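Chemist: Using my numbering, read the sequence shown as starting at 3 and increasing by one per residue.
For each residue, glycine too, the CB sits at the ideal point set by N, CA and C.
Since we're looking at a predicted model, the values are computed, not measured.
One structure is given below, represented as structure tokens, and several questions about it will come after.
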Amino acid sequence: MAKRLTAPDIQARKGGDKLTMVTAYDEPSARIADRAGADIILVGDSVANAVLGRDDTLAMTVDEMVYHTAAVITAEPSGLVVGDMPWLSYHTTTDEAVHNAGRLIRDGGAGAVKLEGGRKRLDVVKAVLAAEIPVMGHLGLTPQSVHAMGGYKVQGKQAAAAYELITEAKMLAEVGVFAIVLEGVPAVVAAMVTEEIAVPTIGIGAGAKCDGQVLVFHDVLGLHDKRTAKFVRQYANLADAAVEALERFFADVRSGDFPGEEETYHMPEESAEILRELTVDAGDLRNAGIDGDSFLADEAMER
Ligand code: KIV
Numbered sequence: 003m004a005k006r007l008t009a010p011d012i013q014a015r016k017g018g019d020k021l022t023m024v025t026a027y028d029e030p031s032a033r034i035a036d037r038a039g040a041d042i043i044l045v046g047d048s049v050a051n052a053v054l055g056r057d058d059t060l061a062m063t064v065d066e067m068v069y070h071t072a073a074v075i076t077a078e079p080s081g082l083v084v085g086d087m088p089w090l091s092y093h094t095t096t097d098e099a100v101h102n103a104g105r106l107i108r109d110g111g112a113g114a115v116k117l118e119g120g121r122k123r124l125d126v127v128k129a130v131l132a133a134e135i136p137v138m139g140h141l142g143l144t145p146q147s148v149h150a151m152g153g154y155k156v157q158g159k160q161a162a163a164a165y166e167l168i169t170e171a172k173m174l175a176e177v178g179v180f181a182i183v184l185e186g187v188p189a190v191v192a193a194m195v196t197e198e199i200a201v202p203t204i205g206i207g208a209g210a211k212c213d214g215q216v217l218v219f220h221d222v223l224g225l226h227d228k229r230t231a232k233f234v235r236q237y238a239n240l241a242d243a244a245v246e247a248l249e250r251f252f253a254d255v256r257s258g259d260f261p262g263e264e265e266t267y268h269m270p271e272e273s274a275e276i277l278r279e280l281t282v283d284a285g286d287l288r289n290a291g292i293d294g295d296s297f298l299a300d301e302a303m304e305r
């Protein structure tokens, strides 16, 4: 296995080569992200939207996030794997937050966790860091606050709100997060945060000045035909390619062209000859001097 990037490796990239981050929720998507060179793979709670078809991310549980994180780790990616802490997994007590963060590390195999919020979450961030778990912050349009924000709206558009966001980013950096995701904020605000703090910023709808960028796997690859946010750039249309491939499969089934010779198993002609004469039944085969059990076992093995 190639050496995996760590949270300190990512932190050390501040101001250097741009960081690449994408979500993944299972082994195949993690392998694809890894082959493409992702510095960070985020097992995001956006799995709720991208995979489960939900309108928001609030349904995800710690068990489900652990399950997806463990699947991603199976791909043995060389980028840092960050497990997203779902809604209500860090909003009650700091003890519970530490326990849940620990599950993403111990049971999921993540190298760090991400949690949303600034000023209100400082105690939780400190507690998780004190348990030796690296934390990635997330400010701006934080999807778990969808109801409190009154919808998915760009944050920090007014000077006072932008000032507060910059202050919160500084607070998070000072308590020790290794990076901060900035989502849905004006480019000028993200640029100021990036200037002001000593840890990398990773933007999603936050302009070009961040230290890195993140997008959701299914959005980048066009794996769905839903409307996407303004900040998404779709680099492929795999949904259309998949529909086309399945249409060809079904057409081949209907025409009898699938399966062909190369997708078909065969048996020795002499065995086929015996079969044609006998009922396929272990008793009949034994009467014919053939060990029926091993005959049937051999058949099963060939699959
Ligand atoms: O869950 C997620 O995918 C995220 C990214 C949008 C940053 O939090």
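1) Smallest Cα separation from residue 207: which of 226, 219 and 232?
2) Just to confirm, is the Cβ distance from residue 28 to residue 70 under 8 Å?
3) Would you identify the three-state DSSP class for residue 220, choosing helix, strand or coil?
4) For residue 140, list the residues DSSP reports as bridge partners.
5) Residue 170: buried (16+ other C-beta within 10 angstroms of its C-beta) or exposed?
6) In the stretch 59-137, which residue ranges form an unbroken beta strand (DSSP E) of at least 3 residues, counting only runs that do not cross its ends?
7) Going by other Cβ atoms of all chains shown within 10 Å of its Cβ, with 16 needed for buried, is residue 262 buried or exposed?
8) Considering only C-alpha positions, which residue in the set 213, 277 and 188 is nearest to residue 197?
9) Where does residue 55 land, buried or exposed, given buried means 16+ other C-beta within 10 angstroms?
10) What does the alpha-carbon distance come out to for the pair residue 90 and residue 135?
11) Where residue 74 and residue 280 are concerned, what is the direct C-alpha to C-alpha distance, given to the nearest angstrom?
12) Tell me, please, which residues DSSP counts as bridged to residue 204.
13) Taking residue 68 and residue 121 to be in contact with their CB atoms under 8 Å, please state how far apart those CB atoms are, rounded to whole angstroms.
14) Could you name the residues of the same chain whose beta carbon sits closer than 6 Å to that of residue 218, not counting the 5 residues immediately before and after it, in chain order?
15) Hey, residue 252 and residue 10: beta-carbon distance below 8 Å or not?
16) If you run the structure through DSSP and keep just helix, strand and coil, what is residue 43?
17) Who pairs with residue 49 in a beta bridge, going by DSSP?
18) Tell me the rounded alpha-carbon separation between residue 189 and residue 210.
19) Quick one, which of 174, 115, 45 and 142 has its alpha-carbon nearest residue 163's?
20) Report all residues for which the CB-ligand distance to some heavy atom of ligand 1 is below 7 Å; order them along the chain.
21) What is the C-beta distance between residue 21 and residue 204, in whole angstroms, given that I count them as a contact (C-beta under 8 Å)?
22) Would you check if there are 3 or more beta carbon pairs closer than 8 Å linking the stretch 149-161 to the stretch 99-118?
23) Taking the beta strand (DSSP E) that residue 23 falls in, what are its first and last residues?
24) So is residue 302 buried or exposed if we call it buried at 16+ other beta carbons inside 10 Å?
25) In this structure, how does DSSP classify residue 56 when only helix, strand and coil are distinguished?
26) Checking 8 Å against the spacing of the C-beta atoms, do residue 144 and residue 178 come in under that value?
Modeler: By the coordinates alone:
1) Against the sequence shown, residue 207 aligns to sequence position 205. The candidate whose alpha carbon is nearest that of residue 207 is 232.
2) Counted from its first residue, the sequence shown places residue 28 at position 26. Counted from its first residue, the sequence shown places residue 70 at position 68. Yes, the Cβ-Cβ distance between residue 28 and residue 70 is below 8 Å.
3) Residue 220 sits at position 218 when you count from the first residue of the sequence shown. In the structure shown, residue 220 sits in a helix (DSSP, three-state: H, G or I).
4) As a position in the sequence shown, residue 140 is number 138, starting the count at 1. DSSP lists 183 as partners of residue 140.
5) Taking the first residue of the sequence shown as position 1, residue 170 is located at position 168. Buried: at least 16 other Cβ atoms inside 10 Å.
6) Here the runs fully enclosed are 82-86 and 114-116.
7) If you number the sequence shown from 1, residue 262 lands on position 260. With fewer than 16 other Cβ atoms within 10 Å, it is exposed.
8) Counted from its first residue, the sequence shown places residue 197 at position 195. If we check each option's Cα against that of residue 197, 213 comes out closest.
9) As a position in the sequence shown, residue 55 is number 53, starting the count at 1. Exposed: under 16 other Cβ atoms inside 10 Å.
10) Position 88 of the sequence shown, counted from the first residue, corresponds to residue 90. Position 133 of the sequence shown, counted from the first residue, corresponds to residue 135. Looking at the two C-alpha atoms, the distance is approximately 18 Å.
11) To locate residue 74, count along the sequence shown from 1; it is residue 72. To locate residue 280, count along the sequence shown from 1; it is residue 278. In this model, residue 74 and residue 280 are separated by some 50 Å (Cα to Cα).
12) Counting from one through the sequence shown, the residue named residue 204 turns up at place 202. In DSSP, residue 204 forms a bridge with 183 and 214.
13) Locating residue 68 in the sequence shown gives position 66, counting from the first residue. Locating residue 121 in the sequence shown gives position 119, counting from the first residue. Their Cβ separation, rounded to whole angstroms, is 28 Å, which puts residue 68 and residue 121 out of contact at 8 Å.
14) Along the sequence shown, read from residue 1 onward, the residue named residue 218 stands at position 216. Here the set comprises 25, 48 and 52.
15) In the sequence shown, counting from the first residue as 1, residue 252 sits at position 250. In the sequence shown, counting from the first residue as 1, residue 10 sits at position 8. Their beta carbons are not under 8 Å apart, which means residue 252 does not touch residue 10 by this criterion.
16) Residue numbering aside, residue 43 sits at position 41 when the sequence shown is read from its first letter. In the structure shown, residue 43 sits in a strand (DSSP, three-state: E or B).
17) Against the sequence shown, residue 49 aligns to sequence position 47. Answer is none; residue 49 lacks a bridge partner.
18) What you label residue 189 is simply residue 187 of the sequence shown in a count that begins at 1. What you label residue 210 is simply residue 208 of the sequence shown in a count that begins at 1. Their backbone Cα atoms lie some 7 Å apart in a straight line.
19) Mapped onto the sequence shown, residue 163 falls at position 161. The candidate whose alpha carbon is nearest that of residue 163 is 142.
20) 25, 44, 46, 47, 48, 59, 86, 116, 140, 145, 183, 185, 206, 216 and 218
21) In the sequence shown, the residue the question calls residue 21 occupies position 19. In the sequence shown, the residue the question calls residue 204 occupies position 202. That belief holds up - the Cβ atoms of residue 21 and residue 204 are roughly 6 Å apart, short of 8 Å.
22) no
23) On the sequence shown, position 21 is the one that residue 23 refers to. It spans 21-25 - the beta strand (DSSP E) in which residue 23 sits, taken as one unbroken run.
24) On the sequence shown, position 300 is the one that residue 302 refers to. Its pLDDT being 49, under 50, residue 302 is placed unreliably in this model, and the value from its coordinates should be taken loosely. Residue 302 should be labelled exposed.
25) Here residue 56 refers to the residue found at position 54 of the sequence shown. Three-state result, residue 56: coil.
26) Mapped onto the sequence shown, residue 144 falls at position 142. Mapped onto the sequence shown, residue 178 falls at position 176. In this structure, residue 178 does not lie closer than 8 Å to residue 144 by Cβ.
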